[in-house]
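If you count the sequence shown from 1, you need to add 744 to reach the working numbering. Data block below; observations after.
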Amino acid sequence: MAGKIVGQVKDLKKGRYVIIDGTPCRVVDVQISKPGKHGAAKARVTAISLVGEQKKTLMKPVDANCEIPIVDKRKGQVIADMGSKIQIMDLETYETFEIDKPSDISLEAGQEVEYMEVMGMKLITRGK
């Protein structure tokens, strides 16, 4: 399931997802300033990219629209470790696919993992 929906900046909370500069990100902080004499309240959203772990910032009025990615969390099993890639089988659909091996998670054949599918990308979130 890939795609995105439109939401409002005021609905973003810590732990949710947002698209900043075309990259899906997880929100880590939301700061809202008070409305001024001639303007609306502004929100400063700090997020970490799901790909590459880069810090990104979104600054918009609270009633502005923003893009929110559709995140599909799933479970899989590691079939093979192929060096820089890992072969995984989805535990519901039995589909097999290859994902880049994450550097921060140690994985071995037969181990269950949680992964997410977001905007056409598959990313391992944790091993079990």
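Virtual Cβ for every residue (Gly too), placed ideally from N, Cα, C.
I'd like the span of the beta strand (DSSP E) that includes D816, first residue to last. For the purposes of this step, residue 816 is taken as residue 72 along the sequence shown, with counting starting at 1. Element bounds for D816: 815–825.
For M745, which of helix, strand or coil comes out of DSSP? Counting from one through the sequence shown, the residue named residue 745 turns up at place 1. Summary for M745: the model assigns pLDDT 45, below 50, so the residue's position carries little reliability, and this model does not support an answer.
Would DSSP call K786 helix, strand or coil? Residue mapping note: residue 786 aligns to position 42 of the sequence shown, counting from 1. DSSP places K786 within a strand segment (E or B) once states are collapsed to three.
Report, in whole angstroms, the separation of the C-beta atoms of D816 and E861, which I expect to be a contact under 8 Å. As a first step, residue 816 must be located in the sequence shown, where it is residue number 72. As a first step, residue 861 must be located in the sequence shown, where it is residue number 117. About 4 Å separates the two Cβ atoms, so the contact holds.
Starting from Q831, follow the beta strand (DSSP E) in both directions and report where the run begins and ends. Counting from 1 along the sequence shown, the entry for residue 831 is found at position 87. For Q831, the enclosing beta strand (DSSP E) has its first and last residue at 829–834.
Apart from the five residues on each side of it in sequence, which residues of its chain come closer than 8 Å, Cβ to Cβ, to M803? The sequence position of residue 803 within the sequence shown is 59, counting from 1. Excluding residues within five positions, the ones whose Cβ falls inside 8 Å are K786, A787, R788, V789.
Applying the criterion that 16 or more other CB atoms from any shown protein chain within 10 Å of the CB defines a buried residue, is P813 buried or exposed? Numbered from 1 along the sequence shown, position 69 holds the residue referred to as residue 813. P813 should be labelled buried.
With burial defined as no fewer than 16 other Cβ atoms inside 10 Å of the residue's Cβ, what is the status of V774: buried or exposed? Counting from 1 along the sequence shown, the entry for residue 774 is found at position 30. Buried, because 16 or more other Cβ atoms sit within 10 Å of the Cβ of V774.
I749 burial status per 10 Å Cβ neighbour count (16 or more: buried): Mapped onto the sequence shown, residue 749 falls at position 5. So I749 ends up on the exposed side.
How about I832 and Q821: are their beta carbons less than 8 Å apart? Start at 1 with the first residue of the sequence shown, and residue 832 comes out as number 88. Start at 1 with the first residue of the sequence shown, and residue 821 comes out as number 77. With a cutoff of 8 Å on beta-carbon distance, I832 and Q821 are scored as near each other.
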